[in-house]
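A short worksheet on the structure shown next.
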Amino acid sequence: MNYNLNKWLKEFSFYKKRIFISLILLVIAAIANFYFSNYTSKVETSTVNDLILNLIPPIDLTPLFILGWWAPFFLIFVFPLFARIHKFHEAVYHFSLLVVVRSIFISLTHLKVPADAIQVSLPKPLNWLYFQNDMFFSGHTAFILIGFFVFKHEKIKYLFLVLSIIMAFTVLAMHQHYSIDVFAAYFITYGTFKIGEWLREKLSKTGIKRYLL
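Here the working numbering is used: the first residue of the sequence shown is -2, the next is one more, and so on.
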């Protein structure tokens, strides 16, 4: 145990600058998400027809839906923080980049939550985290899926993949997202991850990477 703790402290000390920078990026991403999500909640929107939603009735899976909010934060951050500290800054970096990309996407297409969507009630202290009309693309799906790519050499990647599929089913069953929001999330998440890796590679060639990401 002491050896593991010492190893963790040594790795944390080595990566602390990168961890600090990644957390700054996470704060910036959170601010961007809050700003753009507020915008989508207030802007004029409209609903559209969806083939899959037309075929399935709304199903109340609220517990799974709420779990989908917290699973990414717990798994993507807590797992590397305690078990793979050398990957923590990478996980935060890729998650933050995905949040920023989604923040931009949701502001471009003004779709309203499907009319027959199951309404979700959160505890009052958490109401400020729940926004309307942030449709494209599904955060419930994408924010868990990014772990599949970040930990691509770890067995836990399969857990991320399975959970993303469960969340995809959940938001569709509750009619909280259109099918295109969910299916596109898989492609956009992969694309965002590859862009993030490309940026890190570019930084490594300049010698900055060891100080940043």
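Glycine is no exception: its CB is placed at the ideal position from the N, C-alpha and C atoms. Fair warning: this is a prediction, and the values are worked out from it, not measured in the lab.
**Asked** Exposed or buried, what is Glu87 when buried is set at 16 or more other beta-carbons lying within 10 Å of its beta-carbon?
**Response** One-based indexing of the sequence shown puts residue 87 at position 90. When all chains shown are included, Glu87 counts as buried.
**Message:** Three or more C-beta pairs under 8 Å: does that hold for the stretch 141 to 160 against the stretch 43 to 62?
**Reply:** no
**Prompt:** In this structure, does DSSP put Ser43 in helix, strand or coil?
**Reply:** Taking the sequence shown and counting its residues from 1, the one referred to as residue 43 is at position 46. Looking at Ser43 - three-state DSSP - the assignment turns out to be strand.
**Asked** Counting pairs of Cβ atoms below 8 Å between the stretch 167 to 183 and the stretch 71 to 87, do you hit three or more?
**Response** no
**Message:** Report the CB separation of Ile82 from Glu8 in whole angstroms; it is logged as a contact under 8 Å.
**Reply:** Taking the first residue of the sequence shown as 1, we reach residue 82 at position 85. Taking the first residue of the sequence shown as 1, we reach residue 8 at position 11. At roughly 5 Å, the Cβ-Cβ gap stays under 8 Å, so Ile82 and Glu8 are in contact.
**Request:** Look up Leu58 in the DSSP assignment and say whether it is helix, strand or coil.
**Result:** The residue labelled residue 58 in the question sits at position 61 within the sequence shown. Coil at Leu58, not helix or strand.
**Item:** Where the alpha helix (DSSP H) through His91 begins and ends
**Value:** The sequence position of residue 91 within the sequence shown is 94, counting from 1. Ile82 to Leu105 is the extent of the alpha helix (DSSP H) around His91.
**Asked** Residue range of the alpha helix (DSSP H) that Asn51 falls in?
**Response** Position 54 of the sequence shown holds residue 51. Asn51 -> alpha helix (DSSP H) spans Leu48 to Leu52.
**Prompt:** From Asn30, Ser34 and Asp113, pick the residue whose C-alpha is nearest to that of Ser93; which is it?
**Reply:** Position 96 of the sequence shown, counting from 1, holds the residue named residue 93. Ranking the options by Cα distance to Ser93, first place goes to Asn30.
**Request:** Determine the closest residue to Phe190 out of Phe148, Val117, Lys39 and Phe180, with distance taken between C-alpha atoms.
**Result:** As a first step, residue 190 is located in the sequence shown; it is residue number 193 there, counting from the start. Checked all of Phe148, Val117, Lys39 and Phe180; the closest Cα to Phe190 is Phe148.
**Request:** Please report how far the alpha carbon of Trp213 lies from the alpha carbon of Ile56, in whole angstroms.
**Result:** No information on residue 213 is available, as it lies outside the stretch -2 to 210 that the chain covers here.
**Prompt:** Quick one: Cα of Ala27 to Cα of Ser100, how far?
**Reply:** Reading the sequence shown from its first residue, position 30 is the one you call residue 27. Reading the sequence shown from its first residue, position 103 is the one you call residue 100. Distance between the alpha carbons of Ala27 and Ser100: 9 Å.
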